[in-house]
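I have placed the structure first, in the form of structure tokens, so that the comments after it can refer back to it.
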Amino acid sequence: MIEIPSDLHKDLVPLAFLLGNWAGAGVHDFPGSEKCNFGQEVTFGHDGRDFLEYASHTWVLDNDGNKVRPLESEHGFWRIDADRKVEVTMVRDDGVVEIWYGEMAAQKPQIDLVTDAVARTAASGPYNGGKRLYGYVKSDLMWVGEKQTPEVELRPYMSAHLKKVVTPEEVERWAKALPDDLPDDGIAFFK
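The sequence shown begins at 49 in the working numbering and counts up by one.
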């Protein structure tokens with residue numbers, strides 16, 4: 049279910065499907081790096097202005113699904129214009145700053161992004177740019193990232209399947225919004 053907060057900036061309504069806290073797992077595979085499964089937590093929030101705040105934290109998972117160590121962290125800001133063009137500014141923990149441009153698909157919650165500018169600190173590894181695809185599929189957030197370096201052509205390197213994290217406060221709010229005349233047996237509710 050996609051909720052549109054009453055205090056969400058009107059320009060951000062097409063991006064409302066991103067709002068909230070998400071958690072899940074994915075796969076990381078890029079030449080020169082350890083191939084691994086990873087866990088991820090993502091937050092998209094807003095404060096009423098014309099952008100979404102974004103934070104992502106990933107960590108390597110062992111074969112039992114336990115956290116081993118941090119993998120990547122990102123923070124950024126997402127905007128969209130009246131023509132459904134999306135721009136993202138992002139900074140990564142490895143010393144990379146990126147500007148991404150793309151667009152939201154017509155009639156569906158899907159965003160394609162491509163890097164437009166990349167700045168790197170001396171400590172960061174080689175990186176030329178990338179592509180990302182985000183999609184809202186059956187109430188889940190899925191994404192795939194592609195990466196390019198001077199040595200490796202553009203290729204997929206990370207993808208994840210994330211589920212919405214529901215807080216106790218949200219459950220309480222939803223429960224209070226249920227109609228008073230629900231059937232006692234619960235079965236008739238689904239007929």
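Beta carbons are placed, not taken as given, at the ideal position from N, Cα and C, and that holds for glycine. Note that the structure is a prediction, hence the values are computed from the model and not measured.
Nearest residue (CA-CA) to residue i, options the options
i    : options                 : result
V162 : P118, M138 and G96      : M138
A27  : D141, D98, V90 and P118 : Nothing can be reported for residue 27: it is not among the residues displayed for the chain, which extend from 49 to 239.
D188 : F65, D59, E199 and V116 : F65
H76  : Q158, N69 and V108      : V108
Cut-off 8 Å between Cβ atoms - residues of its own chain near residue i, not counting five sequence neighbours on either side
i    : result
G234 : Note that G234 scores a pLDDT of 49, beneath 50, so its modelled location is shaky; the value from the coordinates is reported in the next line. Closer than 8 Å at the Cβ level, and outside the excluded window around G234, lies no residue.
Identity of the residues DSSP links to residue i by a beta bridge
i    : result
K133 : E151
S172 : For S172, which the question treats as bridged, DSSP gives no partner whatsoever.
R180 : L161 and G193
Proximal residues to residue i (C-beta, below 6 Å), its chain only, five neighbours per side dropped
i    : result
M190 : G183 and H209
L67  : F92
E140 : A small fix is needed here, since residue 140 is Arg in this sequence, not Glu. Excluding residues within five positions, the ones whose Cβ falls inside 6 Å are E122.
L181 : D160 and V192
S54  : none
Per-residue DSSP class, three states only, for residue i
i    : result
F86  : strand
R127 : strand
D100 : Residue identity differs from the one stated: residue 100 is Leu in this sequence, not Asp. Looking at L100 - three-state DSSP - the assignment turns out to be strand.
E122 : strand
Where residue i falls, given that 16 or more other Cβ within 10 Å makes a residue buried
i    : result
I52  : exposed
K195 : buried
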